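S.K.:
2 protein chains.
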Amino acid sequence: MFTALDKHMQLSTQLLVFDVLLILTILTTWLFRKRQIRCVHETGGAMLYGLILGLILKYTDRQWNKEAGHVHGCASLNHTPPSLAANITVDNDRHKHVGNQMTFAPEVFINLFLPPIIFQGAYSLNQRNFFQNFGSVLTFAFLGTVISCAVIGASMYGFVKLMVLLGQARDGDFHLTDCFFFGALISATDPVTVLATFTELRVDPDLYILLFGESVLNDAMAIVLTYAISTYSQSGGHQTFNASAFFLSIGHFIAVFIGSLSIGFSFTIVTALISFLPYLFWAHLTKFTRLSEFPLLETGLFFLLSWSAFLSAEACGLTGIVAVLFCGITQARYTFHNLSAEAKTRTKQLFEFLNFLGENFIFCYMGLALFTFPNHVFKGIFISGAFLSIFLARACNIYPLSYLLNLVRRDKIPPNIQHMMMFSGLRGAVAFALAMRDTCTVARQTILSTTLLLVLFTVWVLGSGTSPMLACLGIRVGVDPDEDKVGHASDQTAGKGTSERAASAPDAETQASHKPGVWHNLDKIYLRPALTHSGPPLTSTLPLWCEPLGKLLTSPQTYKNRERLNDAEADCSSVKLDTAGEGAREGDAEIVTHQDDLLEGDLGLGCSADPVWEE
Amino acid sequence: MFTALDKHMQLSTQLLVFDVLLILTILTTWLFRKRQIRCVHETGGAMLYGLILGLILKYTDRQWNKEAGHVHGCASLNHTPPSLAANITVDNDRHKHVGNQMTFAPEVFINLFLPPIIFQGAYSLNQRNFFQNFGSVLTFAFLGTVISCAVIGASMYGFVKLMVLLGQARDGDFHLTDCFFFGALISATDPVTVLATFTELRVDPDLYILLFGESVLNDAMAIVLTYAISTYSQSGGHQTFNASAFFLSIGHFIAVFIGSLSIGFSFTIVTALISFLPYLFWAHLTKFTRLSEFPLLETGLFFLLSWSAFLSAEACGLTGIVAVLFCGITQARYTFHNLSAEAKTRTKQLFEFLNFLGENFIFCYMGLALFTFPNHVFKGIFISGAFLSIFLARACNIYPLSYLLNLVRRDKIPPNIQHMMMFSGLRGAVAFALAMRDTCTVARQTILSTTLLLVLFTVWVLGSGTSPMLACLGIRVGVDPDEDKVGHASDQTAGKGTSERAASAPDAETQASHKPGVWHNLDKIYLRPALTHSGPPLTSTLPLWCEPLGKLLTSPQTYKNRERLNDAEADCSSVKLDTAGEGAREGDAEIVTHQDDLLEGDLGLGCSADPVWEE
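Here the protein sequences come in this chain order: G and F. Under the UniProt record's numbering, residues 1 to 615 are what the first sequence spells out, in order. Under the UniProt record's numbering, residues 1 to 615 are what the second sequence spells out, in order.
1. So F:TRP460 is in the alpha helix (DSSP H); what residue range does that whole segment cover?
2. Could you please tell me which residues of the segment 333-355 of chain F, in chain order, have their CB closer than 7 angstroms to any CB of chain G?
3. Which residue from F:LEU426, F:LEU527, F:ARG528 puts its Cα closest to that of F:HIS41?
4. Just list the residues that DSSP pairs F:ARG427 with in beta bridges.
5. Quick one, which of G:ILE23, G:ASN355, G:GLY50 has its alpha-carbon nearest G:GLY367's?
6. With the cut-off set at 9 angstroms, would you say F:LEU162 and F:ILE381 are in Cβ contact?
7. For G:TYR526, report the span of its alpha helix (DSSP H) as first-last.
8. Counting C-beta neighbours from all protein chains within 10 Å, is the total for F:GLN36 16 or more, i.e. buried, or is it exposed?
9. Please list the residues of the segment 31-45 of chain F that have a C-beta atom closer than 8 angstroms to any C-beta atom in chain G, keeping them in chain order.
10. DSSP three-state label for F:LYS348, please.
11. Within 10 angstroms of the Cβ of F:ASP438, are there 16 or more other Cβ atoms? Answer buried if so, exposed if not.
12. Taking F:GLY183 as the reference, give the member of F:THR458, F:PRO415, F:MET221 with the closest Cα.
13. Beta-carbon within less than 6 angstroms of G:ASP484's beta-carbon, same chain only, minus the 5 sequence neighbours each way: which residues are those?
14. When we look at the beta-carbon of G:ASN87 and count the other beta-carbons within 10 Å, is it buried (16 or more) or exposed?
15. Taking its Cβ as the centre, do 16 or more other Cβ atoms sit within 10 Å of F:ILE258, making it buried, or is it exposed?
16. Quick one: Cα of G:PHE288 to Cα of G:PRO295, how far?
17. Going by C-alpha to C-alpha distance, which of G:LEU434, G:MET47, G:LEU305 sits closest to G:TRP460?
18. What does the Cβ neighbour count give for F:CYS472, buried or exposed, with the cut at 16 atoms within 10 Å?
19. Between the segment 22-30 of chain G and the segment 352-365 of chain G, do at least 3 Cβ pairs fall closer than 8 angstroms?
20. At a Cβ cut of 8 angstroms, what residues of the segment 182-211 of chain F count as close to chain G, listed as they run along the chain?
21. Taking only the alpha-carbon atoms, compute the straight-line gap between G:TYR334 and G:LEU207 and give it to the nearest angstrom.
22. At a Cβ threshold of 9 angstroms, is F:LEU434 touching chain G?
23. How many Å lie between G:PHE267 and G:TYR123 at the Cα?
24. So which residues on chain F does G:SER233 lean against when the C-beta distance must stay under 7 angstroms?
25. Decide if F:SER389 is buried, meaning its Cβ has at least 16 other Cβ atoms within 10 Å, or exposed.
26. Write down the C-beta distance between G:LEU325 and G:ASP219 rounded to the nearest angstrom, noting that I regard them as a contact closer than 8 angstroms.
27. If I follow the unbroken alpha helix (DSSP H) through G:ASN375, where does it start and stop?
28. Quick check on G:GLN36: does DSSP put it in helix, strand or coil?
29. Along the alpha helix (DSSP H) that carries F:LEU125, what are the first and last residues, could you check?
30. Taking a contact to mean a Cβ-Cβ separation below 9 angstroms, would you say F:THR319 touches F:VAL216 in this structure?
31. Cutting at 7 angstroms between CB atoms, please list the residues of its own chain near G:ASN133, excluding the five before and the five after it.
32. Measure from the C-beta of G:GLU314 to each C-beta in chain F and report whether the shortest distance is under 9 angstroms.
33. For F:LEU57, count neighbouring C-beta atoms within 10 Å of its own C-beta (all shown protein chains included) and say buried if the count is 16 or more, exposed if not.
34. Helix, strand or coil: how does DSSP classify G:GLY606 here?
35. In chain G, what lies closer than 7 angstroms to F:LEU297 by C-beta?
Dropping the structure here:
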């Protein structure tokens, strides 16, 4: 009885410590925002507090250290027990001990804190900018991550060989797969720190979306890559190249990625239909409208269904983070528009809050882990090698891909934006979470320690350097999104822009609307009319034999919206023709995009301190 | 590896099941609200879904049942292991097994779901009504709970003796302390179900606050009482009366209660000062104002500090729920007024959301537990005895106390309100959580099973009967709080009210302002000026030698508010004197109350589907 009570009090104390750290972080953040200090971001502050606490605990309290040297029965467990700290007994004959450290199991914070962070990242993507730069973002996120993983993996293998040569490691300690595992996890860049500064300074929106989009999507890529590499190494590819294991892991990679993506998207469809269908059925019968009278229920449903995407993917053995990422992107595109004005605000604020808490918690935890994790392995060569590799890999990712993209993009990515992207490769929560998942071998312990140092360095040094770097590279700041558009229009009329970038931006829009592709058609003609109130009525886009279905899925409001859109189109196209003087066909296409954006609404850029809501 | 992965997938599946249950509950709730069906409340629905799932699991899936018959190593543990479900191995030589059931440990939901529910209850109390009925609410909550506990305990002991006589129980199975333990835990009434109906029907505000206040505060009383009884029984009072154990447990009771209350209140002071002090220091120096530019930070701080109250109390071995209860009441009275308009909305919505999820989760869980808890003991006599006892105890609580209160109250509690209070003794989350804490003996298992049945019965039968009962007793519904006040004023002018209750309400206000007492003085003259911007400036209320402190703690806005108040007072008292024609002193006192209420704002009644925000 007494020990159970003691344990309970100890758990409460541990939670209280985190609670106090978070409170300190908030107070510091507030002070910094007030004084407009940008040298250290709040996440840096959170890490610092975690570090200080870790240091204090390490040198004062024997309680936290009594476990040092033990790994939680790793011989039999490849995952740390999925449970809140304290009172975990691993039923293993060789390692019989009660875990009692100040460390939440990684499972807990992967399941509890990471999904809202990823969801919030995806949900707060500026839809218009994102889909305008869709191709570029995908290229950086997917191809870029593969390049980065390959470069880091290869160069780290070189450094590992060097370590063996210099006698700093035994031959069997580091496998090639460990190096690629590290390459994959450290390729996940973190959007938090840099983008907070970007939002505050209202930086060039294209730079913003390229970096934000990249760092949100490459998390998915990094996660699935690490799983694939684990699969490969478990299927016998540990020592030599094993073709069957290689293809197995590639198949696994594709299956997991597509599976998770589909689950995420399915839950969006379910959410959109639930929040939309009732409207259809009831609107014909009564004057009552949909769920919108009960914003609490709407928000609850939205939250639970999005969380279901995560849980379903995990329950199927896929990756929940990827599911929740795509769920977030598509929820913002479809379901968001079916919510009532109050529910829009509520969901947005709820995820903002969860994201804020989760982020600060994870950074506190990382600071703390640097001193309290009992199995650190710091190897000088590995660490310096990692520092060199990530910069090399970032360069191999950004510059060649920008060059390739510039061949097809109408609005080129100018060198200063490329340098800024190169500079902004911060690492954060996802890299740490992946490194923390498995710390059973010396290699994995080295990887965790190195990852922690890399996160610390990039958040503090690169994070603090963001503002000076922007100034140094002469990148536009203080851009008002609306003013930006007007600027573009007048630039275009004058025939010559004040800057290369400003003048080329409308071309991007035209480009986007000129090259519809399969996705574009699917989105515009089927998905949006079926899942929201905007877009053309399904009755006009579906084939004739589907008309009953079309009628069922088209709400009266869609027809109304359509009329409004047609009127606006007529007004707008004349204005546009006058000012831009371009062909009627191109003008038309652009206007449709504009109208869609008007109806669609802008989700805002997420990290803003004072978001403006529209209806 | 594979088993760890399997476990992880299983945990995800279990969470997904709860997630789906909650989604179903929300959809049902929405349907019911839409159709204005009041026969079953959403919590009843949640329980029903839990029950159905439990039934399905019981008869289909052997996985959930393979543990039946095992109690989690109870021989060595008096608390269930504080950990998320799955993968808990109790390191006990006799009971070596891996718990793997669909049951979250009670610790989890006590620590995770109950605090926000209790906080929300306290935070959404209508301050004005609550402090007007302060004495009555306290009487029902504290004296009433003691009466209820004693009556139930004594009568259950009788039924237990009967069981022994009839051979349904062995002599040592049920101790007297077990009976009183049951009496204490089952005395915690639940506000959720009845009050949702009350809010919807806008029932008489005095009935509302009496019931709401009672059910919020008696949770605290019931929790501390159960702890005291446990202390008594562990100190040797198991079989015979033990005076030292008795006084020890009384001392324990008082210490825990006052300690928890103080911790709750301390954190309110900290929160209020943090959200208030910066204003003071900064307002004198710059034009910047307090935290209010960053509502996210404000909300975060508010949430974390309130949670700290819970954790601190638990870490000190006190009861977090009591701390969080008093923290909620005082946060609403002080800190709330220092928050910016947006932060007020955000905190309110956040706690409403957490409360909504937590409540539905707990009711789902209760439904599920009825079929999946492996150690149910259903004893016919005990169950029927419990049903009889709770009604008897409720009657012994409400009627005598109402009679006593009516001796001193100016606005009597009329018989129909008393009958309604008698009828509304529903049981819910707190009773269940207390019963779940300890299920090691046959007595405790019987108590858990009986509690579950009582919750089920009261939520379904009494909950559904609320609307008809209100109509049957002729209690006012559809009361607009503002209209109510106007009604009172005109009644008073006419000299004769349309109903006894309407006419007597203003007297209650007068009574409240006439009898300041220590609490009233402390609140009005020191606490509110020190912790908020309202009330008289501290410089005018503190003794002369405290003037520097008074100046430090008084914000410029307080002086401004004071001026505004004085102006309004002058206006108002003339109007009041004209209409009411009463003595100037009484009028003055009333106006001060009114002005306070204006400045203080109304927190709303919490369960409303569409709360109206001010400012």
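Quick reminder that beta carbons are idealized off the backbone N, C-alpha and C, glycines included. Only a predicted model underlies this, so the values are computations on that prediction, with no experimental measurement involved.
M.R.: In short:
1. Counted from its first residue, the second sequence places residue 460 of chain F at position 460. First-last for F:TRP460: undefined, no H or E at that position.
2. ARG346, GLN349, LEU350, GLU352, PHE353
3. Against the second sequence, residue 41 of chain F aligns to sequence position 41. Nearest of F:LEU426, F:LEU527, F:ARG528 to F:HIS41, Cα basis: F:LEU426.
4. As a first step, residue 427 of chain F must be located in the second sequence, where it is residue number 427. For F:ARG427, which the question treats as bridged, DSSP gives the partners F:THR189.
5. Residue mapping note: residue 367 of chain G aligns to position 367 of the first sequence, counting from 1. Residue G:GLY50 is the option with its Cα nearest to G:GLY367.
6. If you number the second sequence from 1, residue 162 of chain F lands on position 162. If you number the second sequence from 1, residue 381 of chain F lands on position 381. Taking 9 angstroms as the Cβ cut-off, F:LEU162 and F:ILE381 qualify as a contacting pair.
7. As a first step, residue 526 of chain G is located in the first sequence; it is residue number 526 there, counting from the start. From DSSP, G:TYR526 is part of no alpha helix (DSSP H); its letter is neither H nor E.
8. What you label residue 36 of chain F is simply residue 36 of the second sequence in a count that begins at 1. Answer is exposed; the Cβ neighbour count stays below 16.
9. ARG33, LYS34
10. The count along the second sequence starts at 1 and reaches residue 348 of chain F at position 348. The answer is helix: DSSP assigns F:LYS348 an H, G or I state.
11. Here residue 438 of chain F is taken as the residue at index 438 of the second sequence, counted from 1. By the 10 Å Cβ count, F:ASP438 comes out buried.
12. Counting from 1 along the second sequence, the entry for residue 183 of chain F is found at position 183. The option with the nearest alpha carbon to F:GLY183 is F:MET221.
13. Mapped onto the first sequence, residue 484 of chain G falls at position 484. Low per-residue confidence applies at G:ASP484: pLDDT is 48, beneath 50, and the placement is therefore not dependable, though the value from the model is reported in the following sentence. Cβ within range, chain order: n/a, list empty.
14. Locating residue 87 of chain G in the first sequence gives position 87, counting from the first residue. Caution applies to G:ASN87, whose pLDDT of 32 falls short of 50 and renders its modelled position unreliable; the value that the coordinates give is listed next. When all chains shown are included, G:ASN87 counts as buried.
15. Numbered from its first residue, the second sequence carries residue 258 of chain F at position 258. Classification for F:ILE258: exposed.
16. For the purposes of this step, residue 288 of chain G is taken as residue 288 along the first sequence, with counting starting at 1. For the purposes of this step, residue 295 of chain G is taken as residue 295 along the first sequence, with counting starting at 1. Per-residue confidence for G:PHE288 stands at a pLDDT of 41, beneath the threshold of 50, marking its modelled position as unreliable; no derived number is given.
17. The count along the first sequence starts at 1 and reaches residue 460 of chain G at position 460. The shortest Cα separation from G:TRP460 among G:LEU434, G:MET47, G:LEU305 belongs to G:MET47.
18. Locating residue 472 of chain F in the second sequence gives position 472, counting from the first residue. Classification of F:CYS472: exposed, given that the 10 Å Cβ count is below 16.
19. yes
20. none
21. As a position in the first sequence, residue 334 of chain G is number 334, starting the count at 1. As a position in the first sequence, residue 207 of chain G is number 207, starting the count at 1. Roughly 25 angstroms separates the two Cα atoms.
22. In the second sequence, residue 434 of chain F corresponds to position 434, counting from 1. Not an interface residue.
23. Here residue 267 of chain G corresponds to residue number 267 of the first sequence, with the count starting at 1. Here residue 123 of chain G corresponds to residue number 123 of the first sequence, with the count starting at 1. Cα to Cα, G:PHE267 sits roughly 14 angstroms from G:TYR123.
24. Your numbering for residue 233 of chain G matches position 233 in the first sequence. Residues of chain F passing the Cβ test: none, with the nearest at roughly 12 angstroms.
25. As a first step, residue 389 of chain F is located in the second sequence; it is residue number 389 there, counting from the start. With 16 or more other Cβ atoms within 10 Å, it is buried.
26. Within the first sequence, numbered from 1, the residue matching residue 325 of chain G stands at position 325. Within the first sequence, numbered from 1, the residue matching residue 219 of chain G stands at position 219. G:LEU325 to G:ASP219, Cβ: 7 angstroms. Contact.
27. In the first sequence, counting from the first residue as 1, residue 375 of chain G sits at position 375. First-last for G:ASN375: undefined, no H or E at that position.
28. The residue given as residue 36 of chain G occupies position 36 in the first sequence. Three-state result, G:GLN36: coil.
29. Along the second sequence, read from residue 1 onward, the residue named residue 125 of chain F stands at position 125. No alpha helix (DSSP H) contains F:LEU125, which DSSP labels as neither H nor E.
30. As a working note, residue 319 of chain F is residue 319 in the second sequence. As a working note, residue 216 of chain F is residue 216 in the second sequence. No, these two residues do not count as a Cβ contact at 9 angstroms.
31. Walking along the first sequence from the start, residue 133 of chain G turns up at place 133. These residues qualify, in order along the chain: ASP206, ILE209, LEU210, GLY213.
32. The residue labelled residue 314 of chain G in the question sits at position 314 within the first sequence. Yes, its Cβ sits closer than 9 angstroms to a Cβ of chain F.
33. Here the question's residue 57 of chain F lines up with position 57 in the second sequence. The residue in question, F:LEU57, is buried, as its Cβ has 16 or more Cβ neighbours within 10 Å.
34. Walking along the first sequence from the start, residue 606 of chain G turns up at place 606. The pLDDT assigned to G:GLY606 is 32, lower than 50, so where the model puts this residue is not dependable; a value taken from the coordinates is nonetheless given after this. If DSSP states are grouped into helix, strand and coil, G:GLY606 belongs with coil.
35. Locating residue 297 of chain F in the second sequence gives position 297, counting from the first residue. Near F:LEU297 (Cβ distances below 7 angstroms), the residues of chain G are ILE26, THR29, TRP30.
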